[in-house]
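Take a look at the structure set out below.
Numbering (full-length UniProt numbering), first residue to last: 1 to 715.
As structure tokens, this is what we get:
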């Protein structure tokens, strides 16, 4: 093993990274013969190719080299936006889909669509146009390839080689078959159309964006400045209007679905019954307190309410509906405070609670209807770990099929007999292996052992695993934390940096591989601390609900409790505690510096929301309500109400100048408010960067900037 040395920022941004090879989107083929995945190259980890492993032998081979098919291509604006919403920052083959028979693999590349045919080992070009085709799919029965072009839905008949447009009417504001901004960003719905299982029909959305306000923002880039007219639905303003239609795949008239009289809604999902005879549509009310599932007759568009759930605060969209062959369906719900699985009959009546208890199901992984077994991911003992479980469809105690303390994930074959087990732990970077249903190991996709050949090898000797524990919030709620400490002499005190997110739908304290960034800070002599405050994910609704109409309050108080605990430790220099967060974490950093200036010496706020009125409808109103109805809640949550506590030279503000999620106006408003109060601060902006930075040189520059700021302020 090489001698240990300290991590540097250049090490963090070395080609290939330090965590070992990245395997993306591992999947088992429908027949279980192959495992496919996207793999980055040794000389360019962001350039992804398509690989396959034989499940019988474990032998690996490259199926498609992305650069053999297409050279460098400038992405369309629509594709750039789709990838930003999906947080895709790689190039080459970034997504793919198997057909139902396991004979072909569909993937987009360079704006066109390709089919890799296993029988003859070659990729065939399905489209060849100067226009970007997006959201391609193979139909369930394998007859068609579908895609969106110029906001219209098309199908390509694989048998005849002919193409047909199924939708019509697209304009500058009317778009067919695509998901709107908030559906992609906040509802986890990246598509706007759904095939019936028999290849006969397609349900698709038609959205009208004309009601949505236009934001004229300047997109500052290294090659110049553009004025971008972006339709951005600020909290309290109009969303798109949406229709759902059903059209024959062979062509014909669209039948429009009766979605009810209330038009100000979110279409969360659409799912076909297993026999294709019925369409299920999940609708969420504008205030996100009511969720309805409609049963739709596709031939007429007539609908009736199959199921309805309500909450006093908000409804989290979970796994949605999973139809079974006998006409029944599985449903995930937090109706008892924790996400669990329910088995319902075709008429919506409850057959059985599949899981129950004060713990959380993360999601359904596979259903073996023949044996009556269901596999899911979640936790039963501690939210700091995630495991894979098997349970009977009729309910009962789940059986854990993953082993090893840490963070497990699963991707199953359709038959549930073979699955990919991903795993990481505080002392083990991400691994992936292929297993049988009972957990028997077949072969490694990525063993990723921390041996002398691993890219992290030079740093293993000084690696620090987090220590975990709990403190109490002011109401007695236990809050999980993790802390990493450098090698200290007896009695030595060092500065500390709190890594914060703090917002809903996220968990930062868990027993997985922390990554090299925190270790780099430890190597530089900092204690690194994380705490999941009330409002965080994966603890049930009672743990989340205190944020309702109260952002910038309870989570800031919980972080302050964590900071006081940290300051009381004998190894921490209590006068030199910093905080660093991005997005909601940037918002939290500002609140923490302003509300508790006595606890924090300095903070870095990246891409922060500063007033929730300048963030989107779906996310903001879910937790805060409509600002037209609860303006005082928005006033209290904005950082401006607290800036009187901000100290000079305590803040470094960072923002990408092309951010279309947390728009740059948030930081502009903050700058103006700090100037008005004569508060000195530092700032760095990055031309061309969006909410997630793409350019390696900009990421490296930002990391140097952050570390330099803390070195000057905390040491």
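Idealized CB from N, CA, C, for every residue including glycine.
Next on the checklist: Could you compute how far the alpha carbon of residue 1 sits from the alpha carbon of residue 425?
Outcome noted: Residue 1 sits at position 1 when you count from the first residue of the chain shown. Residue 425 sits at position 425 when you count from the first residue of the chain shown. With a pLDDT of 47 at residue 1, under the threshold of 50, the modelled position of this residue cannot be trusted; read the value that follows with caution. Using only the alpha carbons, I get a separation of about 21 angstroms.
Item to check | Beta-carbon proximity list for residue 33, same chain, < 8 angstroms, skipping 5 on both sides | outcome: By 1-based counting over the chain shown, the position of residue 33 is 33. Cβ within range, chain order: 54, 55, 56, 102.
Item to check | Spatial neighbours of residue 479 in its chain, beta-carbon cut-off 8 angstroms, leaving aside the 5 residues before and after | outcome: Counting from one through the chain shown, the residue named residue 479 turns up at place 479. The residues are 470, 471, 472, 473, 531, 532, 533, 534, 558, 561, 562.
Item to check | Among 567, 662, 364, the one whose alpha carbon lies nearest that of residue 341 | outcome: As a position in the chain shown, residue 341 is number 341, starting the count at 1. Distances from the CA of residue 341 to each of 567, 662, 364 were compared; the closest alpha carbon is that of 364.
Item to check | Cβ contact (3+ pairs, closer than 8 angstroms) linking the stretch 648-659 and the stretch 688-706 | outcome: Flag = yes, the stretch 648-659 and the stretch 688-706 touch.
Checklist entry - At a cut of 8 angstroms, does the stretch 268-278 reach the stretch 300-320 through at least three beta carbon pairs? => result Enough Cβ pairs lie closer than 8 angstroms, so yes.
Checklist entry - Cα-Cα, which of 632, 672, 638, 114 is closest to residue 615? => result Mapped onto the chain shown, residue 615 falls at position 615. Minimum Cα distance to residue 615 is reached at 638.
Checklist entry - Counting pairs of Cβ atoms below 8 angstroms between the stretch 669-681 and the stretch 641-653, do you hit three or more? => result Yes, the stretch 669-681 is in contact with the stretch 641-653.
Checklist entry - With a cut-off of 8 angstroms, do at least 3 Cβ pairs link the stretch 585-601 to the stretch 543-556? => result As far as the Cβ criterion goes, the stretch 585-601 touches the stretch 543-556, which means the pair count is three or higher.
Item to check | Beta carbon of residue 377 nearer than 7 angstroms to that of residue 388 | outcome: Here residue 377 refers to the residue found at position 377 of the chain shown. Here residue 388 refers to the residue found at position 388 of the chain shown. It is a contact, given that the beta carbons lie within the stated cut-off.
Checklist entry - Do the stretch 566-578 and the stretch 541-553 make contact, defined as three or more Cβ pairs closer than 8 angstroms? => result When Cβ pairs closer than 8 angstroms are counted between the two stretches, the stretch 566-578 is seen not to touch the stretch 541-553, the count staying below three.
Checklist entry - Taking the beta strand (DSSP E) that residue 54 falls in, what are its first and last residues? => result In the chain shown, counting from the first residue as 1, residue 54 sits at position 54. Start and end: 47-54.
Item to check | Secondary structure, beta strand (DSSP E): runs of 3+ residues fully inside the stretch 576-607 | outcome: Counting only runs of 3 or more, we get 602-606.
Item to check | Three-state class that DSSP yields for residue 197 in the structure shown | outcome: To locate residue 197, count along the chain shown from 1; it is residue 197. Three-state DSSP puts residue 197 in coil, outside helix and strand.
Checklist entry - Counting along the chain, where does the alpha helix (DSSP H) carrying residue 671 start and finish? => result By one-based count along the chain shown, residue 671 stands at place 671. Start and end: 665-676.
Checklist entry - Is residue 186 near residue 240, with beta carbons less than 7 angstroms apart? => result On the chain shown, position 186 is the one that residue 186 refers to. On the chain shown, position 240 is the one that residue 240 refers to. Contact flag unset, no.
Item to check | N-terminal and C-terminal residue of the alpha helix (DSSP H) that residue 632 is part of | outcome: Your numbering for residue 632 matches position 632 in the chain shown. Looking at the DSSP string, the run of the alpha helix (DSSP H) that includes residue 632 is 631-637.
Item to check | Helix, strand or coil at residue 23 according to DSSP, with G and I counted as helix | outcome: Start at 1 with the first residue of the chain shown, and residue 23 comes out as number 23. Correct three-state label for residue 23: strand.
Checklist entry - Counting Cβ pairs closer than 8 angstroms, one from the stretch 512-524 and one from the stretch 412-427, do we hit at least three? => result Cβ pair count under 8 angstroms is three or more, so yes.
Checklist entry - Cα separation between residue 598 and residue 564? => result Counting from 1 along the chain shown, the entry for residue 598 is found at position 598. Counting from 1 along the chain shown, the entry for residue 564 is found at position 564. Per the coordinates, the alpha-carbon of residue 598 lies some 10 angstroms from the alpha-carbon of residue 564.
Next on the checklist: For a quick check, are the C-beta atoms of residue 91 and residue 25 less than 7 angstroms apart?
Outcome noted: Here residue 91 corresponds to residue number 91 of the chain shown, with the count starting at 1. Here residue 25 corresponds to residue number 25 of the chain shown, with the count starting at 1. In this structure, the beta-carbon distance from residue 91 to residue 25 does not fall below 7 angstroms.
Checklist entry - Using a Cβ-Cβ cut-off of 7 angstroms (strictly less than) and excluding sequence neighbours within five positions of residue 582, which residues of its own chain qualify? => result Within the chain shown, numbered from 1, the residue matching residue 582 stands at position 582. Contacts found: 606, 607.
Item to check | Nearest residue (CA-CA) to residue 465, options 505, 523, 492, 445 | outcome: Walking along the chain shown from the start, residue 465 turns up at place 465. It is 523 whose Cα lies nearest to the Cα of residue 465.
Checklist entry - Between the C-alpha atoms of residue 151 and residue 177, what's the straight-line distance to the nearest angstrom? => result Numbered from its first residue, the chain shown carries residue 151 at position 151. Numbered from its first residue, the chain shown carries residue 177 at position 177. Straight-line measurement puts the Cα of residue 177 at about 7 angstroms from the Cα of residue 151.
Checklist entry - Name the DSSP beta bridge partners of residue 412, please? => result Position 412 of the chain shown, counted from the first residue, corresponds to residue 412. DSSP output for residue 412 lists 419 as bridge partner(s).
Checklist entry - What is the DSSP secondary structure of residue 235, reduced to helix, strand or coil? => result The residue given as residue 235 occupies position 235 in the chain shown. Residue 235: coil per DSSP, three-state reduction.
Item to check | residue 378: first and last residue of the uninterrupted beta strand (DSSP E) it sits in | outcome: Here residue 378 refers to the residue found at position 378 when the chain shown is read from its first residue. Bounds of the beta strand (DSSP E) holding residue 378 are 373-379.
Next on the checklist: Looking at the secondary structure, which residues open and close the alpha helix (DSSP H) in which residue 10 lies?
Outcome noted: Taking the first residue of the chain shown as 1, we reach residue 10 at position 10. Boundaries of the alpha helix (DSSP H) around residue 10: 9-12.
Checklist entry - Any beta-carbon of chain B closer than 7 angstroms to the one on residue 407? => result Absent here is chain B; the protein component of the structure consists of one chain.
Checklist entry - Taking the alpha-carbon positions, what's the residue 70 to residue 133 distance? => result Along the chain shown, read from residue 1 onward, the residue named residue 70 stands at position 70. Along the chain shown, read from residue 1 onward, the residue named residue 133 stands at position 133. It is roughly 15 angstroms from the alpha-carbon of residue 70 to the alpha-carbon of residue 133.
Checklist entry - What number of angstroms, rounded off, separates the C-alpha of residue 157 from the C-alpha of residue 145? => result Sequence index remark: in the chain shown, residue 157 carries index 157 (1-based). Sequence index remark: in the chain shown, residue 145 carries index 145 (1-based). Each residue's Cα considered, the two are about 7 angstroms apart.
Checklist entry - Is residue 389 helix, strand or coil by DSSP? => result Along the chain shown, read from residue 1 onward, the residue named residue 389 stands at position 389. In the three-state DSSP reduction, residue 389 falls in the strand class (E or B).
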